[in-house]
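Worksheet: the structure to be examined is printed underneath.
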Amino acid sequence: DAGVIQSPRHEVTEMGQEVTLRCKPISGHNSLFWYRQTMMRGLELLIYFNNNVPIDDSGMPEDRFSAKMPNASFSTLKIQPSEPRDSAVYFCASSLIGLNTGELFFGEGSRLTVL
Amino acid sequence: TQLLEQSPQFLSIQEGENLTVYCNSSSVFSSLQWYRQEPGEGPVLLVTVVTGGEVKKLKRLTFQFGDARKDSSLHITAAQPGDTGLYLCSNQFYFGTGTSLTVIP
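In order, the protein sequence lines correspond to chains W and Z. Going left to right, the first sequence walks through residues 1 to 115 as the numbering used here numbers them. Going left to right, the second sequence walks through residues 1001 to 1105 as the numbering used here numbers them.
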């Protein structure tokens, strides 16, 4: 079975450019999560969706970040405009909340470098 | 956000040694998860503990949930290079600061 699929795996961009990260969750999962991981701050929850509806976006750093989930099989995280401090690995995870312990299944991450 | 503090932050040991890493919080949890993350990959769930005082074993790994359900420990017996990675505790969707373990052959 396919796991969580993220793209791109690596992106290098210049400050001020728009960045769009994409995620396809595991089929049948009802919750999707976006995380950011850095050495300094660890693995931070940015936002999570349940049944395609944003439930908690309190971790989104600022208005430059936005996330959407137009359907159960696709989500995007957009940064506009990007800044060097946004450089990090961004992970998407999905889960079937409610019927199990809520195990999170992670993608391989998107490594973003903003110059 | 529920703060989960892990210690030590970094640990480097020789193959065959034993080690324990800790996860602490001031909050009481209904459950707690341990994940391992290898370089270039996302975290993968190792175990979930639910009951205060619970002990779970996964081969050479022993997980314990504190009686008050505020803390947990992970003990690895006879560490192997394959145990190298970042160990993260988690309460539902929030993760601890992590312990980066390196096992030297």
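Backbone N, C-alpha and C fix where the C-beta goes; we use that ideal spot for every residue, glycine too.
Should residue i and residue j be called a contact, given that it needs their Cβ atoms to be closer than 8 angstroms?
{"i": "Gly-109 (chain W)", "j": "Val-89 (chain W)", "result": "yes"}
{"i": "Thr-76 (chain W)", "j": "Thr-20 (chain W)", "result": "yes"}
{"i": "Lys-24 (chain W)", "j": "Phe-91 (chain W)", "result": "no"}
{"i": "Asn-1024 (chain Z)", "j": "Thr-1077 (chain Z)", "result": "no"}
{"i": "Ser-1012 (chain Z)", "j": "Thr-1097 (chain Z)", "result": "no"}
{"i": "Glu-11 (chain W)", "j": "Gln-80 (chain W)", "result": "no"}
{"i": "Leu-1045 (chain Z)", "j": "Cys-1089 (chain Z)", "result": "no"}
{"i": "Gln-1064 (chain Z)", "j": "Val-1050 (chain Z)", "result": "no"}
{"i": "Ala-93 (chain W)", "j": "Val-4 (chain W)", "result": "yes"}
Could you have a look at residue i and say whether DSSP puts it in helix, strand or coil?
{"i": "Arg-22 (chain W)", "result": "strand"}
{"i": "Arg-36 (chain W)", "result": "strand"}
{"i": "Arg-111 (chain W)", "result": "strand"}
{"i": "Asp-63 (chain W)", "result": "coil"}
{"i": "Asp-56 (chain W)", "result": "strand"}
{"i": "Gly-1082 (chain Z)", "result": "helix"}
{"i": "Pro-81 (chain W)", "result": "coil"}
So, does the CB of residue i fall closer than 8 angstroms to a CB anywhere in chain Z?
{"i": "Leu-43 (chain W)", "result": "yes"}
{"i": "Tyr-48 (chain W)", "result": "yes"}
{"i": "Glu-11 (chain W)", "result": "no"}
{"i": "Glu-18 (chain W)", "result": "no"}
{"i": "Phe-106 (chain W)", "result": "yes"}
{"i": "Gly-28 (chain W)", "result": "no"}
{"i": "Phe-74 (chain W)", "result": "no"}
{"i": "Phe-65 (chain W)", "result": "no"}
{"i": "Glu-62 (chain W)", "result": "no"}
{"i": "Glu-103 (chain W)", "result": "yes"}
Among the options, whose alpha-carbon lies nearest the alpha-carbon of residue i?
{"i": "Leu-1061 (chain Z)", "options": "Z:Trp-1034, Z:Ser-1026, Z:Ile-1013", "result": "Z:Trp-1034"}
{"i": "Phe-1029 (chain Z)", "options": "Z:Val-1044, Z:Gly-1052, Z:Ser-1012", "result": "Z:Gly-1052"}
{"i": "Met-69 (chain W)", "options": "W:Tyr-48, W:Ser-82, W:Val-114, W:Leu-104", "result": "W:Tyr-48"}
{"i": "Glu-1123 (chain Z)", "options": "Z:Gly-1098, Z:Gly-1085, Z:Phe-1093", "result": "For residue 1123 (chain Z) there is no data in the structure shown, the boundaries of chain Z being 1001 and 1105."}
{"i": "Leu-1003 (chain Z)", "options": "Z:Ala-1079, Z:Asp-1071, Z:Ile-1104", "result": "Z:Asp-1071"}
{"i": "Asn-51 (chain W)", "options": "W:Pro-61, W:Ser-27, W:Ser-58", "result": "W:Ser-27"}
{"i": "Glu-83 (chain W)", "options": "W:Glu-62, W:Val-114, W:Leu-45, W:Met-40", "result": "W:Val-114"}
{"i": "Ser-66 (chain W)", "options": "W:Ser-58, W:Gly-59, W:Lys-78", "result": "W:Lys-78"}
{"i": "Phe-126 (chain W)", "options": "Z:Pro-1105, Z:His-1075, Z:Ile-1104, Z:Tyr-1094", "result": "Beyond the ends of chain W as shown, which are 1 and 115, falls residue 126 (chain W); an answer cannot be given."}
{"i": "Pro-1008 (chain Z)", "options": "Z:Val-1021, Z:Gln-1014, Z:Glu-1015", "result": "Z:Val-1021"}
{"i": "Phe-1010 (chain Z)", "options": "Z:Thr-1099, Z:Asn-1091, Z:Pro-1081", "result": "Z:Thr-1099"}
If you measure from the beta carbon of residue i to each beta carbon in chain W, is any gap under 8 angstroms?
{"i": "Phe-1095 (chain Z)", "result": "yes"}
{"i": "Leu-1058 (chain Z)", "result": "no"}
{"i": "Glu-1111 (chain Z)", "result": "As shown, chain Z starts at 1001 and ends at 1105. That puts residue 1111 (chain Z) outside it, with no answer to give."}
Subject >> Segments of 4+ residues assigned as alpha helix (DSSP H) that fall wholly inside the segment 1035-1073 of chain Z >> reply: When DSSP assignments are scanned along the segment 1035-1073 of chain Z, no uninterrupted stretch of alpha helix (DSSP H) that is 4 or more residues long falls wholly within it.
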